[in-house]
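In the working numbering, the protein residues as written are 2 to 248.
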């Protein structure tokens with residue numbers, strides 16, 4: 002009974018795209034840590050997978066993406082052939098963090114299997130995330146646009162605005178890196194618009210947007226939001242904010 006309550010508490014503080022606005026990260030991490038320990042004691046592989054999903058999120062948020070990859074590998078092993086829907090999600094999470102740690106070849110080699118599993122189990126949220134990963138690793142141009150549209154389609158089938166927010170955020174960053182500032186601006190503004198209704202304190206998207214503005218020479222618009230982003234406790238947000246300040 003306690004394990005079920007702990008997993009419910011984890012779900013209340015973390016959703017499919019990150020911390021909820023009201024969440025305390027320390028509470029969330031504590032719930033997930035105890036849930037994993039208890040699930041191991043009970044031999045409950047599905048419950049342990051769900052707990053590890055949360056622990057991997059916290060590792061990534063703290064800047065330890067390699068640690069997140071190790072956790073997600075364990076989760077995929079645990080859930081394999083036990084729950085196709087959950088396995089598809091864990092594969093999507095793993096492919097995402099493999100990409101972020103420059104293990105693109107491994108991420109792309111897992112992508113077809115993950116997409117087939119997500120499609121077969123009806124996991125539109127995982128499919129959306131997998132198309133985002135394809136978008137991140139595709140050549141910028143038609144392939145990028147096709148993956149973005151596919152990701153958006155699956156997010157809307159899932160009825161998940163948070164996934165839509167996340168994919169526009171990622172597209173904003175990728176198009177910034179590739180030098181298409183106008184597309185980046187549209188994507189960031191769409192992500193901020195959706196995010197305003199869901200988690201108005203999201204700083205990672207805003208940090209990317211003000212970095213873009215700095216590259217466009219719109220310095221008078223960025224001083225205050227950049228300072229706010231630098232104070233955020235999310236490590237990737239602070240990295241982007243410092244990059245914006247440098248620019």
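Even for Gly, the Cβ is constructed at its ideal location relative to N, Cα and C.
Beta-carbon proximity check, residue i vs residue j, cutoff 8 Å
{"i": "residue 1", "j": "residue 92", "result": "Residue 1 is absent from the structure shown; the chain starts at 2 and stops at 248."}
{"i": "residue 66", "j": "residue 38", "result": "no"}
{"i": "residue 258", "j": "residue 97", "result": "Absent from the structure is residue 258, since the part of the chain shown begins at 2 and ends at 248."}
{"i": "residue 216", "j": "residue 223", "result": "no"}
{"i": "residue 237", "j": "residue 205", "result": "yes"}
{"i": "residue 136", "j": "residue 149", "result": "yes"}
{"i": "residue 133", "j": "residue 108", "result": "no"}
{"i": "residue 296", "j": "residue 70", "result": "The chain is shown only over 2 to 248; residue 296 falls outside these bounds and no answer can be derived."}
{"i": "residue 59", "j": "residue 28", "result": "no"}
{"i": "residue 229", "j": "residue 243", "result": "no"}
{"i": "residue 62", "j": "residue 8", "result": "no"}
{"i": "residue 193", "j": "residue 163", "result": "no"}
{"i": "residue 176", "j": "residue 185", "result": "yes"}
Opening and closing residue of the alpha helix (DSSP H) in which residue i lies
{"i": "residue 58", "result": "46 to 62"}
{"i": "residue 222", "result": "Element bounds for residue 222: n/a, residue is neither H nor E."}
{"i": "residue 102", "result": "Here residue 102 belongs to no alpha helix (DSSP H), and DSSP marks it neither H nor E."}
{"i": "residue 159", "result": "Looking at the DSSP string, residue 159 is not in any alpha helix (DSSP H), and its letter there is neither H nor E."}
{"i": "residue 125", "result": "125 to 138"}
{"i": "residue 32", "result": "26 to 43"}
{"i": "residue 248", "result": "From DSSP, residue 248 is part of no alpha helix (DSSP H); its letter is neither H nor E."}
Chain E within 8 Å of residue i, Cβ atoms only
{"i": "residue 85", "result": "The structure shown contains no chain E, having only a single protein chain."}
Contacting residues, own chain, Cβ-Cβ under 7 Å from residue i (five flanking each side not counted)
{"i": "residue 81", "result": "88"}
Residues of its chain near residue i, where Cβ-Cβ distance is below 8 Å and the 5 sequence neighbours each way are ignored
{"i": "residue 247", "result": "none"}
Considering only residues of the stretch 175 to 218, which uninterrupted alpha helix (DSSP H) runs meet the minimum length of 4 residues and lie entirely inside it, listed in chain order? Runs of the alpha helix (DSSP H) inside the stretch 175 to 218: 182 to 199 and 205 to 216.
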